[in-house]
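Participant:
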Amino acid sequence: MPVTPPSTQVFARRATLARAVRLLSEFRFEQSDPARFYGALAADTAAMVCDLWLAARGGPAAGRTVLDVGGGPGYFSAAFDDLGLRYIGVEPDPSEMHAAGPPLAADPGDFVRASGMALPFADDSVDICLSSNVAEHVPRPWQLGNEMLRVTKPGGLAVLSYTVWLGPFGGHETGLAHYLGGARAAARYARKHGHPAKNNYGSSLFAVSAAEGLDWAASTGAAVAAFPRYHPRWAWWLTSVPLLREFAVSNLVLVLRPR
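Using the working numbering, read the sequence shown as starting at 1 and increasing by one per residue.
#1: Would you report the Cα separation of Glu246 and Ala210, rounded to the nearest angstrom?
#2: Flag this pair as yes or no: are the beta carbons of Leu149 and Ile128 separated by less than 8 Å?
#3: Assuming Leu83 contacts Ala46 under a Cβ cut-off of 8 Å, what Cβ separation, rounded to an integer in Å, is found between them?
#4: Decide if His231 is buried, meaning its Cβ has at least 16 other Cβ atoms within 10 Å, or exposed.
#5: Looking at the unbroken beta strand (DSSP E) that takes in Lys153, where does it start and where does it end?
#6: Output the distance between the C-alpha atoms of Pro102 and Phe29, rounded to the nearest integer angstrom.
#7: Rounded to the nearest angstrom, how far is the Cβ of Leu166 from that of Ala135, given a contact under 8 Å?
#8: Using three-state DSSP, classify Pro60 as helix, strand or coil.
#9: Tell me the start and end of each unbroken beta strand (DSSP E) in the region 165-247 that is at least 3 residues and wholly inside, in chain order.
#10: Between which two residues does the alpha helix (DSSP H) carrying Arg19 extend?
#11: How many angstroms separate the CA atom of Thr8 from the CA atom of Trp53?
#12: Verify whether the separation of the beta carbon atoms of Asn251 and Tyr162 is less than 8 Å.
#13: Compute the Euclidean distance between the alpha carbons of Pro196 and Glu173, then round it to the nearest angstrom.
#14: Short check: CB of Val66 to CB of Val90, under 8 Å?
#15: Within this structure, are the beta carbons of Val208 and Leu130 separated by less than 8 Å?
#16: Cα-Cα, which of Lys153, Pro92, Asp110, Phe37 is closest to Asp123?
#17: If distances are taken between C-alpha atoms only, which option among Gly74, Ser132, Ile88 comes closest to Phe121?
#18: Could you pull the DSSP bridge partners for Cys129 from this structure?
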């Protein structure tokens with residue numbers, strides 16, 4: 001995949017250093033003010049998805065259906081609604097689904113409790129299937145990816161974004177201790193805080209590499225782009241460098257277009 005294929009050129013103009021700094025500054029509010037953090041992330045993600053659709057299809061995404069796999073309580077719902085898309089959220093964990101009170105989707109009926117590895121939707125049933133930072137939390141991430149492709153209409157878009165294990169945020173709340181090993185980082189966190197991490201290595205957090213995602217995407221025959229989600233456009237070349245990308249990409253976006 002070229003560094004800037006035609007399917008990403010619209011979004012590439014938005015991928016500036018100012019955007020990267022703004023998003024990075026919001027990460028400090030993830031625990032203390034999740035509505036602020038996820039609201040900012042949702043707006044950026046919805047804009048990214050619409051840009052990718054415009055580049056790939058030559059028209060606006062308004063009126064299309066987007067299925068958000070692992071949507072939590074639905075923080076992304078309002079952002080997609082504002083851009084004129086019909087949002088459907090999928091979340092397997094009831095505690096996550098209600099973490100912000102009732103599901104936040106405009107219509108609670110558009111929120112489904114289900115696993116991303118076994119989506120309860122028909123083949124070719126949605127225009128866009130999104131998974132934002134979920135693949136590292138499931139034991140079989142590429143089964144999730146295959147399910148996303150299955151439910152996406154031919155010519156639609158599947159956008160799978162995940163945190164790369166060897167990047168600086170791979171350990172999530174355990175910080176950089178994951179470089180000592182996932183199990184050791186989990187044990188260290190539990191000793192320090194008196195309880196396991198929410199994203200606990202081996203149960204709700206798994207080591208997923210950039211190479212694995214790129215290999216899976218290539219094997220599907222549907223891959224059209226891959227780039228670092230939060231990096232400015234001039235740093236996207238990092239995705240094409242083996243080993244370096246494992247440490248420097250941080251969060252990898254895979255864009256696929258089923259045929």
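Beta carbons: idealized from backbone N, C-alpha and C, even for Gly.
Facilitator: Reading it off the structure:
#1: 6 Å
#2: no
#3: 5 Å
#4: buried
#5: 152-163
#6: Below a pLDDT of 50, predicted positions are generally treated as unreliable, and Pro102, at 49, falls in that range; the measurement from the model is reported next regardless. Spanning the two alpha carbons is a distance of roughly 21 Å.
#7: Leu166 to Ala135, Cβ: 15 Å. No contact.
#8: coil
#9: 223-228
#10: Residues 17-26.
#11: 9 Å
#12: yes
#13: 11 Å
#14: no
#15: no
#16: Lys153
#17: Selection Gly74, Ser132, Ile88 evaluated against Phe121 yields Ile88 as nearest (Cα-Cα).
#18: Answer is Leu67, Ala158, bridged to Cys129.
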